[in-house]
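Visitor: Residues 69 to 446 in our numbering are what the sequence shown spells out, letter by letter.
Below you'll find the structure I mean.
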Amino acid sequence: MSLIIRYVDASSGSFCIEESSLGFLDVNDTTRQGLFDALKNELKTLDLDIDNLRGQGYDNGSNMKGIHKGVQSKVLKINRRAFYSACGCHSLNLTICDMAKSCRKASDFFGVIQRIYTTFASSTKRWQILKNNISGVTLKSLSSTRWESRVDSVKAIRIQLPEIREALLQVAEIDKDPSTSSEAQSLAENNLCDFEFLVSIIIWYEILSAVNLISKELQSKDMLIDIAIESVKGLISFFTKYRESGFSKALEAAKEIAKEMDINPEFRTKRKIKRKRQFGEGADDPSIVSQSAEESFRVNYFLHIVDQAIVSLNTRFEQYEGYEKIFGFLFTSDRLRSLDDKSLLAACVNLDALKSGEHKDIDGLELCSELLFLQGSL
């Protein structure tokens, strides 16, 4: 288990937030109690008082973040001022995983992406064929723990579809292994020439690019919680807007690629999809509407993964909003100016209540007095 601390360095006369790695802990007992004991003992060895802790952050594993028995809850029992926050980038990773696993078409799509990579990567000769055909971003393998690999994988294919199809056709023609040749032929002619795949890769590329942008922001050394909250809200807003207009734009972009690659720009009709007939409805009931292949894709795939993204983001980052309610009035001068005397006093007293035993960081009345003076000078 790695141990990293963030602290305020005031040695130079100005306040600066620093981050230092204290090394790795050899943990044999990975239960909640075992992990907590390892953390507590290491802090004691380093002569770091756990009562001085003002924040704690881990991945989203239940043994770490569990609100009843996880490590964070055990720390909070000792020091209620050690606010827990899940790793923002890991939460984004899990959001992408939620989307990728939310429906069969999504998981099948990433299955095809991985198959393309495996076809080339399992042989130096085939990898050279790939390199001879592409000049931009190379293919990447998918990783369940490093979601950014999905961005790299999708981007490489999205911007080089014709070239990668040509490389697959070359593998199919010259490779002497029948199974490899068949796999390459199938990928080139069945998957990459499927209009549904073209639309999918455009959708995922746009989604992953938007998430990647926010992920980079959250990893910034000087990231502040108010900016992080606004960034996540902006991402949710992106998905909300993308839900309304993203599909039609993806269709148009896919049709352009289909024209370039001489692919039929239509969804393959597998079977007629009808709403289940309810009791009392006749066979000719006008309320029973057939669903086209395109509409089925939009409803059961596109809307499904976008809605999953919105739900996951709201759920995984709702804790940030809780902290915004506590500390939000201190985030910006505009927020401070917007508060009347009564509201400002209530917010300061709320901070005053955050104490461990008889120890507290803030005198609410004193803080309110200082902020009222500051309000007058803004």
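Note that beta-carbon positions come from the ideal geometry of N, C-alpha and C, so glycine has one too.
Taking only runs of the alpha helix (DSSP H) that begin and end inside the segment 356-392, which ones reach a length of at least 4 residues, in chain order?
Guide: If we require 4 residues or more, the alpha helix (DSSP H) runs fully inside the segment 356-392 come out as 361-365 and 371-384.
Visitor: Could you tell me how far apart the beta carbons of Arg149 and Ser424 are, in whole angstroms, since I believe they sit closer than 8 angstroms?
Guide: Correct: roughly 6 angstroms between the Cβ atoms.
Visitor: Can you tell me where the alpha helix (DSSP H) with Gly314 in it begins and where it stops?
Guide: Looking at the DSSP string, the run of the alpha helix (DSSP H) that includes Gly314 is Ile293 to Met329.
Visitor: Gln196 to Leu236, Cα distance in whole Å?
Guide: Roughly 12 angstroms between the two C-alpha positions.
Visitor: Work out the CA separation of Ser221 and Gln101 for me, nearest whole Å.
Guide: Cα-Cα distance, rounded: 39 angstroms.
Visitor: If we count the other Cβ atoms within 10 Å of its Cβ and call it buried at 16 or more, is Tyr75 buried or exposed?
Guide: The residue in question, Tyr75, is exposed, as its Cβ has fewer than 16 Cβ neighbours within 10 Å.
Visitor: Pro230 to Ile331, Cα distance in whole Å?
Guide: So the two alpha carbons sit approximately 11 angstroms from each other.
Visitor: Kindly list the residues whose CB is nearer than 8 angstroms to the CB of Ile430, restricted to its own chain and excluding five residues on each side of it in sequence; keep chain order.
Guide: Closer than 8 angstroms at the Cβ level, and outside the excluded window around Ile430, lie Cys416, Leu419, Asp420 and Leu422.
Visitor: Identify whether Gly134 lies in helix, strand or coil by the three-state DSSP scheme.
Guide: In this structure, Gly134 counts as coil in the three-state DSSP scheme.
Visitor: How big is the Cα-Cα spacing for Ser277 and Lys142?
Guide: Answer to the nearest angstrom: the Cα atoms are 37 angstroms apart.
Visitor: Would you report the Cα separation of Asp243 and Leu266, rounded to the nearest angstrom?
Guide: In a straight line, the C-alpha of Asp243 is about 26 angstroms away from that of Leu266.
Visitor: Nearest to Arg233 by alpha carbon, out of Asn200, Met167, Arg403 and Glu426?
Guide: It is Asn200.
Visitor: Tell me which same chain residues have a C-beta within less than 8 angstroms of the C-beta of Asp147, skipping the five on either side of it?
Guide: It should be pointed out that residue 147 corresponds to Asn in this sequence rather than to Asp. Excluding residues within five positions, the ones whose Cβ falls inside 8 angstroms are Ile118, Asp119, Leu121 and Ser424.
Visitor: Give me the residue from Glu324, Asp409, Ala296 and Pro333 with the minimum Cα distance to Tyr388.
Guide: Answer by Cα proximity: Ala296.
Visitor: Is it buried or exposed, Leu107, if we count other Cβ atoms within 10 angstroms and call 16 or more buried?
Guide: Classification of Leu107: buried, given that the 10 Å Cβ count is 16 or more.
Visitor: Using 8 angstroms for Cβ pairs, my map puts Leu371 next to Leu303. What's the rounded Cβ distance?
Guide: In fact, because the Cβ distance is near 18 angstroms, the residues do not count as touching under 8 angstroms.
Visitor: Quick check: what's the CA-CA separation for Asn258 versus Arg218?
Guide: Taking the straight line from one Cα to the other gives about 22 angstroms.
Visitor: Check whether the Cβ atoms of Phe397 and Arg403 sit closer than 8 angstroms, and answer yes or no.
Guide: Their beta carbons are under 8 angstroms apart, which means Phe397 touches Arg403 by this criterion.
Visitor: Could you pull out every unbroken beta strand (DSSP E) segment of at least 3 residues lying fully inside the segment 226-263, listed in chain order?
Guide: Taking only runs of at least 3 residues, no beta strand (DSSP E) segment lies wholly in the segment 226-263.
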